[in-house]
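K.L.:
In our numbering, the protein residues as written are 342 to 520.
The beta carbon of each residue, even a glycine, is placed where N, CA and C say it ideally should be.
Predicted model, so just to flag it, every value in this text is computed and none were measured.
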């Protein structure tokens, strides 16, 4: 994966305090990661970079839409996403990104690239089960949905079918009622 320059923040030249960065993400961004789950995407990422004397705090706010396929019907639809994430950047002996929300950079580092974090945060903002809104409210007219309803198991609604049991069990039922 190639590092994109626009996602590199050179923190050495920044003054102490808060700095704001904005990014507009579309499918060309995801092509760098060879991620092809989105048909199209329009996501806004706001990063608040708070530089302190010994550490940095990064606050990510993600909002926008991604066009994805429904897991049930394979119909494309626009999924709204919105999420927030925080990362604390500290300095240490060597690079360590094993913690979820703490990044340790080696001493002497002068910039941080946040493209991997933006990619992961956007992908994590999409629901794991992708269901078209038309499936939920019943307005989607799809051949696949009709076939799924046709093949779904039917629930027994009348009690006559429940009473149709194997006649060999009837004598055992009498034992229960004879007490």
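Taking the alpha carbon of residue 412 as the reference point, which residue from 468, 362, 440, 374 has its own alpha carbon closest?
P.N.:
Residue numbering aside, residue 412 sits at position 71 when the chain shown is read from its first letter. Closest by alpha carbon: 468.
K.L.:
So, is residue 466 buried or exposed, given that buried needs 16 or more other C-beta atoms within 10 angstroms?
P.N.:
Here residue 466 corresponds to residue number 125 of the chain shown, with the count starting at 1. Result: buried.
K.L.:
Going by DSSP, what residue range makes up the alpha helix (DSSP H) through residue 359?
P.N.:
What you label residue 359 is simply residue 18 of the chain shown in a count that begins at 1. No alpha helix (DSSP H) contains residue 359, which is instead part of the beta strand (DSSP E) from 358-366.
K.L.:
Kindly indicate which residue of 352, 493, 359 has the alpha-carbon position closest to the one of residue 452.
P.N.:
In the chain shown, counting from the first residue as 1, residue 452 sits at position 111. The residue with the shortest Cα to Cα distance from residue 452 is 352.
K.L.:
Do three or more CB pairs link the region 391-399 to the region 364-371 at distances below 8 Å?
P.N.:
Verdict: no, contact absent.
K.L.:
Do residue 463 and residue 403 have their CB atoms nearer than 9 Å?
P.N.:
For the purposes of this step, residue 463 is identified with residue 122 of the chain shown, where counting begins at 1. For the purposes of this step, residue 403 is identified with residue 62 of the chain shown, where counting begins at 1. Cβ distance < 9 Å, so residue 463 and residue 403 count as in contact.
K.L.:
So who's on the other strand from residue 453, going by DSSP bridges?
P.N.:
For the purposes of this step, residue 453 is taken as residue 112 along the chain shown, with counting starting at 1. According to DSSP, residue 453 bridges with 350.
K.L.:
Taking DSSP as the reference, what is the three-state secondary structure of residue 386?
P.N.:
Looking up residue 386 in the chain shown gives position 45. Reduced to three states, the DSSP call for residue 386 is strand.
K.L.:
Three-state secondary structure (DSSP) at residue 474?
P.N.:
In the chain shown, residue 474 corresponds to position 133, counting from 1. Helix.
K.L.:
For the region 478-488 against the region 379-388, do three or more pairs of beta-carbon atoms, one drawn from each stretch, fall closer than 8 Å, so that the two count as touching?
P.N.:
No, the region 478-488 is not in contact with the region 379-388.
K.L.:
Quick check on residue 401: buried or exposed, where buried means 16 or more other Cβ atoms within 10 Å of its Cβ?
P.N.:
Taking the first residue of the chain shown as 1, we reach residue 401 at position 60. Classification of residue 401: buried, given that the 10 Å Cβ count is 16 or more.
K.L.:
Candidates 357, 374, 414, 385: which alpha carbon is nearest residue 363's?
P.N.:
The residue you call residue 363 lines up with position 22 of the chain shown. It is 385 whose Cα lies nearest to the Cα of residue 363.
K.L.:
Mind checking residue 516: buried by the 16 CB within 10 Å criterion, or exposed?
P.N.:
Locating residue 516 in the chain shown gives position 175, where the first residue counts as 1. Burial call: exposed.
K.L.:
Taking residue 445 and residue 431 to be in contact with their CB atoms under 8 Å, please state how far apart those CB atoms are, rounded to whole angstroms.
P.N.:
On the chain shown, position 104 is the one that residue 445 refers to. On the chain shown, position 90 is the one that residue 431 refers to. At roughly 5 Å, the Cβ-Cβ gap stays under 8 Å, so residue 445 and residue 431 are in contact.
K.L.:
Residues in the same chain with beta-carbon distance under 8 Å from residue 406, minus the five sequence neighbours each way, listed in chain order, please.
P.N.:
By 1-based counting over the chain shown, the position of residue 406 is 65. Cβ within range, chain order: 382, 383, 384, 419, 420, 421, 422.
K.L.:
Using only the alpha-carbon positions, how far apart do residue 344 and residue 456 sit?
P.N.:
As a position in the chain shown, residue 344 is number 3, starting the count at 1. As a position in the chain shown, residue 456 is number 115, starting the count at 1. Roughly 8 Å between the two C-alpha positions.
K.L.:
Determine, using beta carbons only, whether residue 374 and residue 454 come nearer to each other than 9 Å.
P.N.:
Along the chain shown, one-based indexing puts residue 374 at 33. Along the chain shown, one-based indexing puts residue 454 at 113. Not in contact: residue 374 and residue 454 (Cβ atoms no closer than 9 Å).
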